[in-house]
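Count along the sequence shown from 1, then add 17; that gives the number in this note's numbering.
Glycine included, every Cβ here is placed at the ideal spot set by N, Cα and C.
Since the model is a prediction, treat every value here as computed from it, not as a measurement.
Here the structure comes first, spelled out in structure tokens, and everything after it is commentary.
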Amino acid sequence: MPPCVEIDVKSGFWGPMPTLADVLVMAKRRSSRAGTRKSKSDGPGFLSRLIEQLTPGPKVRISIQALGWAGLLAGIGLGTVIGLPELERRAMARDQDLPSELRVILPESGWYSEHPDWTLPEVEHDLQTIVIESVNNHIRSPRVRDGLTEAHQRLNDTHWFTRIDRLRWIDPQTIAVEGEWELPAAWVEASIDGEHRDILVAADGRRLPLDEERSDRSPRITGVDPRAIPEIGEDFNEDVLAGIALHRLLDPFPWSNQISSVDISGMSSSEQLVIRTNKGCSIIWGASPRARIDASEVTIRQKLDFLNYFDRNYGRIDANCSPSKSPGMIDLRIDYALWMAIDGDTKPSASR
Numbered sequence: 018m019p020p021c022v023e024i025d026v027k028s029g030f031w032g033p034m035p036t037l038a039d040v041l042v043m044a045k046r047r048s049s050r051a052g053t054r055k056s057k058s059d060g061p062g063f064l065s066r067l068i069e070q071l072t073p074g075p076k077v078r079i080s081i082q083a084l085g086w087a088g089l090l091a092g093i094g095l096g097t098v099i100g101l102p103e104l105e106r107r108a109m110a111r112d113q114d115l116p117s118e119l120r121v122i123l124p125e126s127g128w129y130s131e132h133p134d135w136t137l138p139e140v141e142h143d144l145q146t147i148v149i150e151s152v153n154n155h156i157r158s159p160r161v162r163d164g165l166t167e168a169h170q171r172l173n174d175t176h177w178f179t180r181i182d183r184l185r186w187i188d189p190q191t192i193a194v195e196g197e198w199e200l201p202a203a204w205v206e207a208s209i210d211g212e213h214r215d216i217l218v219a220a221d222g223r224r225l226p227l228d229e230e231r232s233d234r235s236p237r238i239t240g241v242d243p244r245a246i247p248e249i250g251e252d253f254n255e256d257v258l259a260g261i262a263l264h265r266l267l268d269p270f271p272w273s274n275q276i277s278s279v280d281i282s283g284m285s286s287s288e289q290l291v292i293r294t295n296k297g298c299s300i301i302w303g304a305s306p307r308a309r310i311d312a313s314e315v316t317i318r319q320k321l322d323f324l325n326y327f328d329r330n331y332g333r334i335d336a337n338c339s340p341s342k343s344p345g346m347i348d349l350r351i352d353y354a355l356w357m358a359i360d361g362d363t364k365p366s367a368s369r
């Protein structure tokens with residue numbers, strides 16, 4: 018019987034039917050190829066896929082990092098809450114064991130060097146005592162602000178400062194006061210409770226918290242209306258400001274030490290400001306340097322030229338004024354050229 022013939026539908030070729038031996042060979046080949054594929058899948062390719070599957074993705078990594086930072090911050094916060102109070106308590110205990118002496122550094126003041134007679138140690142001592150007492154009213158430690166807050170308020174109430182910026186601890190035994198002093202300008206003669214006193218007044222006209230027994234301190238202002246004496250920290254009137262302005266105008270001249278005081282009692286009269294010299298002479302100045310000069314008066318420059326002329330030629334600004342003669346005064350409000358002509362000097366001042 019002839020071998021069976023089978024048509025391959027896919028290829029369209031005729032061929033003989035495979036024998037049993039052919040089928041066994043083909044099965045063996047398939048098994049060999051399957052084993053080869055299996056061995057390949059168990060190699061490096063498999064491990065790579067396994068590692069890739071176990072490695073976290075970007076989102077997972079970000080989540081892990083966030084959890085790590087959160088845990089770290091939580092640990093720090095917990096340690097701070099638990100540890101800081103104890104550390105602060107120990108530090109404050111060490112501060113309390115320090116020597117009780119406390120040093121207070123006050124702001125620098127230019128007028129101390131300019132007016133050594135105003136450098137009153139008791140003023141500085143009183144202010145330093147205020148700070149020390151305020152701090153000692155509370156737990157004394159740089160870690161406690163209550164004492165500095167109280168000292169700040171009490172220093173403001175003294176009226177010695179135009180401003181106090183802050184108080185700070187430099188170390189557990191030293192406190193620095195940062196601010197600006199009031200600028201004293203003159204002494205004002207006044208009567209307080211029936212006693213003759215000298216009151217210190219600031220450049221802005223404010224009464225400072227210092228009064229002394231009457232003396233020859235300078236610069237000084239006299240003739241103040243007793244009813245016009247303000248409370249400490251409040252302002253004097255315009256008359257006192259006029260006296261301060263005249264002192265400040267005359268102070269730079271070398272002959273200013275011949276001036277005993279500026280009398281403001283005539284501010285309400287025709288004389289207005291009067292310079293009193295230490296020889297007892299009265300020199301009528303006239304209007305306040307702060308005010309507009311009346312047309313009947315000579316200029317401020319002319320008045321200064323006249324004083325310079327007499328000091329340069331006669332050694333004193335009141336050389337032509339004799340208290341023994343009536344009225345014993347010089348009037349600067351008139352034209353000094355007339356006085357110059359009397360002495361034959363037509364060049365009263367080189368700076369004219």
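From which residue to which residue does the alpha helix (DSSP H) around residue 138 run? Per DSSP, residue 138 belongs to the alpha helix (DSSP H) from 138 to 153.
Residue 55 (DSSP reduced to helix, strand or coil): Interpretation of residue 55 is limited by its pLDDT of 49, a score under 50 that renders its predicted location unreliable; the figure taken from the coordinates is listed afterwards. Three-state result, residue 55: helix.
Going by C-alpha distance, which of 239, 177, 165, 199 is nearest residue 184? 165
Return the chain-ordered list of same chain residues with a C-beta closer than 7 Å to the C-beta of residue 168, the five sequence neighbours on each side being excluded. 147, 148, 151, 152, 184
Could you check what DSSP says for residue 226 in three-state terms: helix, strand or coil? strand
Alpha carbon of residue 226 to alpha carbon of residue 290, nearest angstrom: 26 Å
Output the distance between the C-alpha atoms of residue 229 and residue 261, rounded to the nearest integer angstrom. 19 Å
Three-state class that DSSP yields for residue 191 in the structure shown: strand
Helix, strand or coil for residue 264? Go by DSSP, reduced to three states. helix
Assuming the contact rule is C-beta atoms closer than 8 Å, residue 268 and residue 236 should be a hit. Round their C-beta distance to whole Å, please. 7 Å
Just to confirm my understanding: we take residue 173, look at its own chain, exclude 5 residues before and 5 after, and list those with CB closer than 7 Å. What are they? 181
Nonlocal neighbours in the same chain, by C-beta distance under 7 Å from residue 288, ignoring five residues either side: 301
Quick check: what's the CA-CA separation for residue 55 versus residue 87? Residue confidence is low: residue 55 scores 49 on pLDDT, short of 50, so the model does not pin down where it sits. Its coordinate-derived value is still stated next. C-alpha separation (whole angstroms): 47 Å.
Under the three-state DSSP convention, the category residue 164 falls into: helix
Does the Cβ of residue 223 have 16 or more other Cβ atoms within 10 Å, making it buried, or fewer, making it exposed? Within 10 angstroms of the beta-carbon of residue 223 lie 16 or more other beta-carbons, which makes it buried.
Let's test the definition: count the other Cβ atoms within 10 Å of the Cβ of residue 78 and tell me whether it reaches 16, buried, or not, exposed. exposed
Under a three-way DSSP split, which group does residue 303 fall into? In the structure shown, residue 303 sits in a strand (DSSP, three-state: E or B).
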